[in-house]
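4 protein chains.
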Amino acid sequence: MITVGIIGATGYTGMELVRILLKHPEAVLAYASSRKWSGQAISDVMPHLHNARDLVLAGFDAQEAVSAAELFFVCLPHGESMNISADLYGRGKKVIDLSADFRFRDPVVFRKWYGEHTQPELLSEAVYGLPELYREEIGGATLIANPGCYPVSVILALIPLLEEGLVSLDSIIADSKSGVSGAGREPKPNLHFPEVYSDFSAYSIAGTHRHIGEMEQELGRISKVDVKLTFTPHLLPVSRGILTCIYADPSDYLDEGSLVELFRERYSAEPFVTVRDLDGSLPGLKEVCGTNQCILAPRYDERTGKVVVISVLDNLVKGAAGLAVQNMNLMFGFTEDMGLNDLPLYP
Amino acid sequence: MITVGIIGATGYTGMELVRILLKHPEAVLAYASSRKWSGQAISDVMPHLHNARDLVLAGFDAQEAVSAAELFFVCLPHGESMNISADLYGRGKKVIDLSADFRFRDPVVFRKWYGEHTQPELLSEAVYGLPELYREEIGGATLIANPGCYPVSVILALIPLLEEGLVSLDSIIADSKSGVSGAGREPKPNLHFPEVYSDFSAYSIAGTHRHIGEMEQELGRISKVDVKLTFTPHLLPVSRGILTCIYADPSDYLDEGSLVELFRERYSAEPFVTVRDLDGSLPGLKEVCGTNQCILAPRYDERTGKVVVISVLDNLVKGAAGLAVQNMNLMFGFTEDMGLNDLPLYP
Amino acid sequence: MITVGIIGATGYTGMELVRILLKHPEAVLAYASSRKWSGQAISDVMPHLHNARDLVLAGFDAQEAVSAAELFFVCLPHGESMNISADLYGRGKKVIDLSADFRFRDPVVFRKWYGEHTQPELLSEAVYGLPELYREEIGGATLIANPGCYPVSVILALIPLLEEGLVSLDSIIADSKSGVSGAGREPKPNLHFPEVYSDFSAYSIAGTHRHIGEMEQELGRISKVDVKLTFTPHLLPVSRGILTCIYADPSDYLDEGSLVELFRERYSAEPFVTVRDLDGSLPGLKEVCGTNQCILAPRYDERTGKVVVISVLDNLVKGAAGLAVQNMNLMFGFTEDMGLNDLPLYP
Amino acid sequence: MITVGIIGATGYTGMELVRILLKHPEAVLAYASSRKWSGQAISDVMPHLHNARDLVLAGFDAQEAVSAAELFFVCLPHGESMNISADLYGRGKKVIDLSADFRFRDPVVFRKWYGEHTQPELLSEAVYGLPELYREEIGGATLIANPGCYPVSVILALIPLLEEGLVSLDSIIADSKSGVSGAGREPKPNLHFPEVYSDFSAYSIAGTHRHIGEMEQELGRISKVDVKLTFTPHLLPVSRGILTCIYADPSDYLDEGSLVELFRERYSAEPFVTVRDLDGSLPGLKEVCGTNQCILAPRYDERTGKVVVISVLDNLVKGAAGLAVQNMNLMFGFTEDMGLNDLPLYP
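Chains as they are written, first to last, in our numbering: chain A, 1 to 347; chain B, 1001 to 1347; chain C, 2001 to 2347; chain D, 3001 to 3347.
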């Protein structure tokens, strides 16, 4: 049994961590902080977590935190997260940072998308927490940069193609559609219920979304050369889930059966990536919501010679809190899927 | 005043035609048929059309129909529509066929996507009912093939690019997302409310959707050479609206300002195509639902050198019934926007 | 032609007034104010109103306002609205106040539910703007208190029963369900999209909702004795519409056919109240959304001896902006339904 | 470990049973039948249950069934269910019937609401599967009639009031709102996605819904005298969940604090009924969806002297499959909440 803490437990990612950790057989949620609701029981702030009555939210205090837990999930806004994560790390704790703050290797690239970094020396310490790429490093890591939700959706769909050099690197497009919880719990005019309901729109298109930097870094590391990605995010009128459709030009002749086979082989040992066969139905969000699964359906359009890959996951689970717990399991030598085997609700 | 009839008035497209025609100042809805509800008043079958109490649905009878009206909107399933449209046309009536049956010039191409055509000689008579391309021909036509909803969404977003030869013709991708009414009124397991709610998925991807043939025909006519289109349709958990995101590689250096300007000029005289400026917000479905507008936002991703165009419209209005009435207005010399100036509901 | 102004044009009620007035044949929207967006064109703030490009939102200035228009719709929060309405009224203008500020005859009752009134002397001047009760007074009024959305839904369902003394006055229950736009345009944590989506809950139950005072006042005026109402509002996960289910004990033996007949007679001359027959389907929100209609289905449960009345309307139209325009039509002698004959979108 | 079977595994209730049983530590799902999909793996028919790859759906065969399992969940339409349940019961198996077929003690009452009963002699054998009323009998039962979803929602909200004789028995009203999955998986015109989305309506009102008979039977057994219930069901545009608002007149003076205290005491030992305090928020559907919890908020309207109780549960879990597994746990002496401790997803 290990003791864990959540810094920023009352945002959507923090709440989802609470939900998952409350039933994890090897982790005890020993500390949870919230600026807004400190002093209240978790089950008062989040009545759906009715069995969390005993845990009282704290105002963050580093001293108190480090004496309570050995691993921390830091779920604060970028810019703020880096300082608290650095502090906890400096006090000898293991840290999984769910913000963007430690996802970049290069502080110059970080600055371009997010602004100045106050802990640039830690960037080389952090391991990018995507087990499908860095399982071994995660196992030995002390500071994990948990990936962004769009990046997980996009990168998992591209790993087999880039590792095998199958597609032209300047042809890649990711057309993503995300549920509203991906935008966080803070109410905003454009996320007010009557505005989003029945609506659908794109935003931050044509090279302006911050996740591009993170995705290009990782795609570039796989490919060993720079990759430029065209990325179009959309806001879906649902609470959870990301569906990405990837387009890319094959470098050479491709056969759809071999394409699927390539994906199957690459992910055959992965507990949380499923490849849908050619005779299987295309995956929808409800097959993954509430679970840590990412389902991929690689296809080939013979008429136009384009590779098309559909990727679905739950932005709050495989795209955030579930992935963080998967990383925790690896860091502590637990079975990788421990506490992460929920099935989705249907319908 | 003209008299009009609707064959198949109780599907979603037929119902939308009734709604629009009931307030058209120059058209009287004199005949409406329905296999399923013949003998009932329209307002009994569609209680929301409470002011249509007088009109009783007929079982289709060609003799009775032609004596009642001078123009017919035929809203039947493809394969079935062609025979009734041909019959009405043969009896000297003007016909706007809203099925796919007369959208193809070449019966061989029709067969490839839909099966055998029983009236191939009429294919050359029919005018493709997209005023933004064929306004003049529509004005003189007797048989109109009303375009499909996806094709309108995609073609309007591509006209300026293809007419000017600005993009590479083998690079075009259309990633479309449609509300469920686009799939018709017939209940189906996969369109049952609990299945679609909270879900989102792609379908008929990688070159298998029937609208591809129609889109490639029209894009090819604009470009004067064959065009191959990569098309990915998705099912949005809303009732109405299509948003398409177009991707294409420019043939030459492009400047975003000039791109928008090109679109503005091309559509400056169009009553139902609006181009969103660079400082305008990206359009969402609720800005067009219930209206005959198509809003386009052409953008350029400088980082990757891709043209990105967002296109939104209401699949039942500009993508079907509203466009059909626009065609009717042109055929009879009415003001083109007559009866089509509804504003959208918001929120 | 008259000139009208809207004070507070960018809340949901104000925006709906803009939408309706833009196509009213006898009213010109000559003035519209918004604290937040003054200086911007209406069509920039509300891109769906694309044909309102010429009208620029003003910061409210009484002098400027009164020189621009002869009638004002005041759509401000209660407490604030009373002062501006009083000012405009004092300057000789006709005013339709859409807040709660002038709905009460008795300042003591107002204080109980809303707080101190700064213009108590005007309460007796104001006419409660429900044409189905006060058509004649509205015709001659200078200051209209436009009813609340729940009160319209509840009162219209009870008028025939109370006028005829058919039900026991201490037995009346109204179980209402409202779309989220009824809570206004201001983003709030509990109205954030991911919170409301897929959810449903009651709020302000057991005698605590402010609309109770307004409803009891009007029900009491009809009955000539005090009426106490049990009222339970719920938040529906949709944008628009209120459905109320009324329960009441009949004072005497009742026959369902006569009950429906009573409702039909009472409302036979009303342009915006429809009574659904026993063989008609029960009305749903989509039959009224976007329209000024209220549909009533009075029924009698023989097994238990309860009267049950279903009432549906669009909270922003018949429950706010549409009703206000209906009142305007009466004040200026226009046809009562002028500009108010939109049909609902379906599906 | 016990072996269990599901007859009718591919309706919504059957699918939910599969989901719950797949992770039950003491039950092995050894048999599952489906008329429509026999011969296919469960995970092919329900891809969200990706870990059920081994279980192949059978066409129902009684011989084969009884040799495979010791307990059967029968999830067939009423009328059909009774014969198969009787058959399995006759062959010495334990049966939990999830249809309405064994919920009535009196075949005459059954006939009134559902038609002729072919196994009337079994009605007295069956135990009504509501542990909050019949825990002991369920423990010793061989044939369980699993309650309807609305009845669970309504009865749990009334037990404390009726057991203590606190309310007038002819005053009780239940105004219920249910998600669409309660209507089953069969596609129907009125449950087609575009019809229900954004809509809300009542149905089967004024004493016509079949669940009334079942509710009155149980309420009468608690009260020892006949109870007549006014029941109004509504269709909510969400997939899951029932919220009921109960109204009743107290027989005597009531105090809100004591009312809540009464509920708390009555349910203090119940694992799946939670009573919300006066200072707690009113419960919403998302607090219970996916869980076996029913949350009750009893309140008292002092102004009108009405008791108001809000009740929420998930119609497919506490209203069907979860309750059935709770009954199974009792029948086999497992911990009552075994396999039933999922937390809800939020948001």
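The beta carbon of each residue, even a glycine, is placed where N, CA and C say it ideally should be.
{"Item": "Exposure label - Q2063/C; buried when at least 16 CB within 10 Å", "Value": "exposed"}
{"Item": "Span of the alpha helix (DSSP H) around S223/A", "Value": "211–223"}
{"Item": "Contact list for L3340/D against chain A, beta-carbon separation under 8 Å", "Value": "Those do not exist, as L3340/D stays about 12 Å from chain A at its closest Cβ, beyond 8 Å."}
{"Item": "9 Å Cβ cutoff met for S1198/B and P1237/B", "Value": "yes"}
{"Item": "Min CB distance A126/A to chain B below 9 Å", "Value": "no"}
{"Item": "Distance CB(L1021/B)-CB(V1325/B) smaller than 9 Å", "Value": "yes"}
{"Item": "Whole-Å CB distance - F3200/D paired with G2284/C, under 8 Å assumed", "Value": "6 Å"}
{"Item": "Beta-carbon proximity of T1232/B to C245/A, cut-off 9 Å", "Value": "yes"}
{"Item": "Touch test, the segment 1014–1033 of chain B against the segment 1102–1112 of chain B, Cβ-Cβ under 8 Å, three pairs minimum", "Value": "no"}
{"Item": "With 16 other Cβ atoms within 10 Å as the buried cut-off, status of T1230/B", "Value": "buried"}
{"Item": "Chain-ordered neighbours of L316/A on chain B, where CB pairs are closer than 8 Å", "Value": "Going along chain B, no residue has its Cβ under 8 Å from L316/A, so there is no contact; the nearest lies around 14 Å."}
{"Item": "Same chain, Cβ closer than 6 Å to V56/A, five either side skipped, listed in chain order", "Value": "A41"}
{"Item": "Residues that DSSP places opposite A206/A in a beta bridge", "Value": "The partner list for A206/A (beta bridge, DSSP) is empty, contrary to what the question assumes."}
{"Item": "V1307/B: contacting residues in chain D (beta-carbon distance under 9 Å)", "Value": "What V1307/B touches in chain D: nothing, since even the nearest Cβ is about 33 Å away."}
{"Item": "C-alpha gap between T2142/C and V2154/C, whole angstroms", "Value": "26 Å"}
{"Item": "Candidates N1315/B, P1344/B, N1190/B, R1299/B, of which the one nearest G1241/B by Cα", "Value": "N1315/B"}
{"Item": "Nearest neighbour of L161/A, chosen from D106/A, L323/A, E261/A, L29/A [CA to CA]", "Value": "E261/A"}
{"Item": "Alpha helix (DSSP H) runs contained entirely in the segment 1250–1327 of chain B, provided each spans 4 or more residues", "Value": "1256–1266"}
{"Item": "Contacts that K2228/C makes with chain A (C-beta to C-beta distance below 7 Å)", "Value": "By Cβ distance, chain A contributes nothing, its closest Cβ being about 31 Å from K2228/C, past 7 Å."}
{"Item": "Chain C contact residues for F3200/D, given Cβ-Cβ distances below 7 Å", "Value": "K2177, L2236, V2238, G2241, L2243, G2284, L2285"}
{"Item": "Touch test, the segment 3083–3093 of chain D against the segment 3119–3126 of chain D, Cβ-Cβ under 8 Å, three pairs minimum", "Value": "yes"}
{"Item": "Residues sharing a beta bridge with K1094/B, DSSP", "Value": "L1071/B"}
{"Item": "Cβ-Cβ separation, N327/A to P77/A (assumed contact under 8 Å), whole Å", "Value": "Incorrect: roughly 20 Å between the Cβ atoms, too far for contact."}
{"Item": "Same chain only: Cβ atoms within 6 Å of A3248/D, ignoring 5 sequence neighbours per side", "Value": "V3167, S3171, I3172, V3307"}
{"Item": "Where Y2253/C meets chain D, residues with beta-carbon distance less than 7 Å", "Value": "What Y2253/C touches in chain D: nothing, since even the nearest Cβ is about 16 Å away."}
{"Item": "Contact the segment 3064–3074 of chain D vs the segment 3042–3054 of chain D: 3+ CB pairs below 8 Å", "Value": "no"}
{"Item": "Option in V2074/C, G2165/C, E2164/C with minimal Cα separation from I2144/C", "Value": "V2074/C"}
{"Item": "C-alpha gap between P2250/C and E2256/C, whole angstroms", "Value": "11 Å"}
{"Item": "Interface positions of the segment 291–305 of chain A facing chain D (Cβ-Cβ less than 8 Å), listed along the chain", "Value": "Q293"}
{"Item": "Pair within 9 Å by beta-carbon distance, N329/A and D337/A", "Value": "yes"}
{"Item": "Assigned exposure category for G115/A - 16 Cβ within 10 Å defines buried", "Value": "exposed"}
{"Item": "Contacts around L254/A, its chain only, beta-carbon distance under 6 Å, and the 5 residues preceding and following it disregarded", "Value": "Y300"}
{"Item": "9 Å Cβ cutoff, Y3247/D in contact with chain C", "Value": "yes"}
{"Item": "Paired residues, beta bridge with L2235/C - DSSP", "Value": "S2178/C, S2201/C"}
{"Item": "Sub-9 Å separation of P187/A and K2093/C beta-carbons", "Value": "no"}
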